[in-house]
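In the numbering used here, the protein residues as written are 23 to 503. A short worksheet on the structure shown next.
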Ligand SMILES: [Zn+2]
């Protein structure tokens with residue numbers, strides 16, 4: 023999941039003011055949570071068993087999710103869920119999704135909990151433990167997918183079984199989707215895309231809780247904050263192209279595509295799109311201000327107001343993470359030109375990788391780039407259709423539920439809305455008109471983020487707490503009525 027790179031970005035934020043971390047200490051709780059934060063022993067055992075079973079299945083892009091989905095389905099049936107409520111949806115023989123329904127009463131639309139079954143492939147030589155096996159060592163669970171995101175597969179599965187065993191009847195259906203191919207990054211095989219295209223009726227829900235976003239943040243051994251992702255930036259790349267006549271490099275003329283392109287790109291060096299806040303980022307900066315001292319606190323607070331103070335915005339923009347939260351960004355990432363060192367280029371191209379604020383118009387972004395490049399002989403073209411998605415509303419029902427549970431389990435850890443500066447499956451669902459909230463109760467050290475990497479791991483205690491958190495969230499969102 024792209025969002026797992028948040029560790030790096032938040033670290034950038036920390037290094038912006040090295041003294042911040044020490045000063046934060048009194049504002050957040052130590053890693054010890056409240057006594058009631060762990061589920062009963064038999065649920066801990068169940069969650070761990072499912073986690074071990076799932077980690078042992080190498081559900082990579084090549085091998086697919088069929089086995090992972092089938093094993094889960096067998097568990098639900100063995101636990102007594104009705105066959106009609108446990109639905110395997112195959113895209114191909116290897117790419118299989120699983121939808122499980124816990125039936126509720128009442129007319130309200132279901133709530134959908136979302137996670138994915140696939141994992142990024144491994145290089146076993148880089149691992150000190152077996153990647154496709156669950157190893158418990160020194161307070162950690164190791165194994166591919168422990169953090170991204172088989173922890174949530176096990177969490178959601180164990181809680182469906184727990185709620186079923188307890189005879190809990192929700193006031194609306196609880197749906198859980200375990201999907202294929204989130205990691206591959208291609209629309210063709212993505213499980214959520216498949217569900218939207220082929221089984222749209224299943225997604226007629228009030229809210230989507232995307233467990234593949236959000237996640238509790240530990241820094242310096244302390245729980246710092248619990249983000250709820252309500253928006254994300256839009257991925258869009260442009261090709262910037264200059265053309266030339268070509269010919270032999272022994273007889274160059276003034277018309278050189280490489281130099282023309284380079285001059286155009288150089289004009290982008292100090293170009294910035296205007297800062298623009300939305301309800302998510304305003305609330306985000308406002309909550310973050312509470313955790314910082316001095317000038318940074320004042321600037322974060324100023325950014326949360328409307329209109330925002332331009333000088334505060336300017337100071338915040340020197341930090342790459344805040345800058346990316348404030349505005350659309352474009353980064354030059356690739357270059358290509360002549361195929362031979364002794365041939366003048368017929369064509370020189372650069373790739374500009376942009377991340378648009380939700381609501382920004384791709385055509386206007388392109389026009390702004392062209393105007394800045396200011397050369398009619400350089401063309402700027404989008405390389406593919408972006409998945410445009412508006413932020414989800416800051417629904418008080420969702421935030422109240424998450425805040426109440428956080429207050430029970432981790433007193434003083436603030437819940438705050440975030441706009442991810444990368445993209446997740448949430449974008450497609452938001453585009454389809456569904457409100458999506460990235461919520462995960464698993465806390466992890468954002469400076470020790472091994473998602474997609476070697477020796478991927480999670481804290482054992484944090485895992486069990488995340489299972490208890492999700493149990494309470496499922497119940498709170500579907501109780502009463
Ligand atoms: Zn993921």
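All C-beta atoms, glycine included, are put in the ideal place defined by N, C-alpha and C.
Same chain, Cβ closer than 7 Å to residue 192, neighbours up to 5 away in sequence not counted: Walking along the chain shown from the start, residue 192 turns up at place 170. Counting only residues of its own chain and dropping the five nearest sequence neighbours on each side, residue 192 has a CB closer than 7 Å to the CB of 124, 126, 500.
Rounded C-alpha distance that separates residue 443 from residue 275: Your numbering for residue 443 matches position 421 in the chain shown. Your numbering for residue 275 matches position 253 in the chain shown. Their backbone Cα atoms lie some 43 Å apart in a straight line.
Paired residues, beta bridge with residue 460 - DSSP: Sequence index remark: in the chain shown, residue 460 carries index 438 (1-based). For residue 460, the beta-bridge partners assigned by DSSP are 232, 251.
Distance, residue 216 Cα to residue 506 Cα: In this structure the chain extends from 23 to 503, so residue 506 is not present and cannot be described.
Three-state secondary structure (DSSP) of residue 273: For the purposes of this step, residue 273 is taken as residue 251 along the chain shown, with counting starting at 1. Residue 273 carries a coil assignment under DSSP once its states are collapsed to helix, strand and coil.
Helix, strand or coil at residue 52 [DSSP, three-state]: If you number the chain shown from 1, residue 52 lands on position 30. In this predicted model, residue 52 has a pLDDT of only 44, less than 50, meaning its place in the structure is not dependable; the value taken from the coordinates is given anyway. It is a strand residue.
C-alpha gap between residue 307 and residue 318, whole angstroms: Reading the chain shown from its first residue, position 285 is the one you call residue 307. Reading the chain shown from its first residue, position 296 is the one you call residue 318. Spanning the two alpha carbons is a distance of roughly 10 Å.
Through-space distance from residue 265 to residue 509, alpha-carbon basis: Residue 509 cannot be examined here, being either before or after the span of the chain that is shown, 23 to 503.
Contact test: residue 170 Cβ vs ligand 1 heavy atom, cutoff 7 Å: Against the chain shown, residue 170 aligns to sequence position 148. Yes.
The region 330 to 343 in contact with the region 407 to 417 per 3-pair CB rule at 8 Å: Pairwise C-beta distances place the region 330 to 343 out of contact with the region 407 to 417, as fewer than three of them are shorter than 8 Å.
Contact set for residue 423: own chain, Cβ-Cβ below 8 Å, skip 5 residues either direction: Position 401 of the chain shown, counted from the start, is the residue given in the question as residue 423. The residues are 495, 498, 499.
For residue 439, the residue or residues it bridges with in DSSP: By 1-based counting over the chain shown, the position of residue 439 is 417. Under DSSP, the beta-bridge partners assigned to residue 439 are 250.
Rounded distance between the beta-carbons of residue 105 and residue 111, thought under 8 Å: Counted from its first residue, the chain shown places residue 111 at position 89. Counted from its first residue, the chain shown places residue 105 at position 83. Contact flag wrong, Cβ pair sits at about 14 Å.
Environment of residue 487 [buried if 16+ CB atoms lie within 10 Å]: Position 465 of the chain shown, counting from 1, holds the residue named residue 487. With 16 or more other CB atoms across the displayed protein chains lying within 10 angstroms of its CB, residue 487 is buried.
beta-carbon residue 478 near ligand 1 non-hydrogen atom, thresh 7 Å: What you label residue 478 is simply residue 456 of the chain shown in a count that begins at 1. For ligand 1, not one heavy atom lies less than 7 Å from the Cβ of residue 478.
Helix, strand or coil at residue 375 [DSSP, three-state]: Here residue 375 corresponds to residue number 353 of the chain shown, with the count starting at 1. Residue 375: strand per DSSP, three-state reduction.
As assigned by DSSP and simplified to three states, the class of residue 21: Outside the displayed span of the chain (23 to 503) sits residue 21, for which this structure offers no information.
Simplified DSSP state of residue 487, which is helix, strand or coil: For the purposes of this step, residue 487 is taken as the residue at position 465 of the chain shown. In the displayed model, residue 487 falls within a helix according to three-state DSSP.
Strand pairing of residue 259, partner residues [DSSP]: The sequence position of residue 259 within the chain shown is 237, counting from 1. 375, per the DSSP bridge assignment.
Residue 205 and residue 142 closer than 8 Å at C-beta: Taking the first residue of the chain shown as 1, we reach residue 205 at position 183. Taking the first residue of the chain shown as 1, we reach residue 142 at position 120. For the pair residue 205 and residue 142, the CB atoms are nearer than the 8 Å cut-off.
Bounding residues of the alpha helix (DSSP H) (the contiguous stretch that carries residue 11): In the structure as shown, the chain begins at 23 and stops at 503. Residue 11 is therefore absent and cannot be evaluated.
Neighbourhood of residue 159 by C-beta distance below 8 Å, restricted to the same chain and skipping five residues each side: To locate residue 159, count along the chain shown from 1; it is residue 137. For residue 159, same chain residues with a beta-carbon under 8 Å away, outside a window of 5 residues either side, are 151 in chain order.
Residue 204 Cβ short of 7 Å to ligand 1 heavy atom set: Along the chain shown, read from residue 1 onward, the residue named residue 204 stands at position 182. The answer is yes for residue 204.
Cβ-heavy atom distance, residue 186 to ligand 1, below 7 Å: Residue 186 sits at position 164 when you count from the first residue of the chain shown. No, since every heavy atom of ligand 1 falls outside the 7 Å radius drawn around the Cβ of residue 186.
Continuous alpha helix (DSSP H) stretch holding residue 424: start and end: Along the chain shown, read from residue 1 onward, the residue named residue 424 stands at position 402. For residue 424, the enclosing alpha helix (DSSP H) covers residues 418 to 431.
Range covered by the beta strand (DSSP E) that runs through residue 186: Residue mapping note: residue 186 aligns to position 164 of the chain shown, counting from 1. In this chain, residue 186 is not harboured by any beta strand (DSSP E); it is covered by the alpha helix (DSSP H) spanning 172 to 187.
Residue 234 CB to nearest heavy atom of ligand 1 below 7 Å: Residue mapping note: residue 234 aligns to position 212 of the chain shown, counting from 1. Of the heavy atoms belonging to ligand 1, at least one sits nearer than 7 Å to the Cβ of residue 234.
Distance cut-off 7 Å: residue 138 Cβ against heavy atoms of ligand 1: One-based indexing of the chain shown puts residue 138 at position 116. At least one heavy atom of ligand 1 is nearer than 7 Å to the Cβ of residue 138, so yes.
Backbone CA spacing between residue 227 and residue 234 [nearest angstrom]: Here residue 227 corresponds to residue number 205 of the chain shown, with the count starting at 1. Here residue 234 corresponds to residue number 212 of the chain shown, with the count starting at 1. Residue 227 and residue 234: Cα-Cα distance of roughly 18 Å.
Between the CA atoms of residue 303 and residue 311 - distance to the nearest angstrom: Residue 311 sits at position 289 when you count from the first residue of the chain shown. Residue 303 sits at position 281 when you count from the first residue of the chain shown. When rounded, the distance between both Cα atoms is 12 Å.
Residue 10 - containing beta strand (DSSP E), residue span: Residue 10 is absent from the structure shown; the chain starts at 23 and stops at 503.
Integer Cβ distance of residue 406 from residue 256, believed to fall under 8 Å: As a position in the chain shown, residue 406 is number 384, starting the count at 1. As a position in the chain shown, residue 256 is number 234, starting the count at 1. The pair is not a contact, with the Cβ atoms about 12 Å apart (cut-off 8 Å).
6 Å CB neighbourhood of residue 351 in its chain, flanking five on each side removed: Position 329 of the chain shown holds residue 351. Non-local beta-carbon contacts of residue 351 in its own chain, meaning distances under 6 Å to residues more than five positions away in sequence, involve 377 in chain order.
Identity of the residue in 451, 459, 478 nearest residue 467 by Cα: For this step, residue 467 is matched to residue 445 along the chain shown. For the residues 451, 459, 478, the minimum Cα distance to residue 467 belongs to 478.
Integer-rounded CB distance, given that residue 448 should sit under 8 Å from residue 251: Locating residue 251 in the chain shown gives position 229, where the first residue counts as 1. Locating residue 448 in the chain shown gives position 426, where the first residue counts as 1. Correct: roughly 7 Å between the Cβ atoms.
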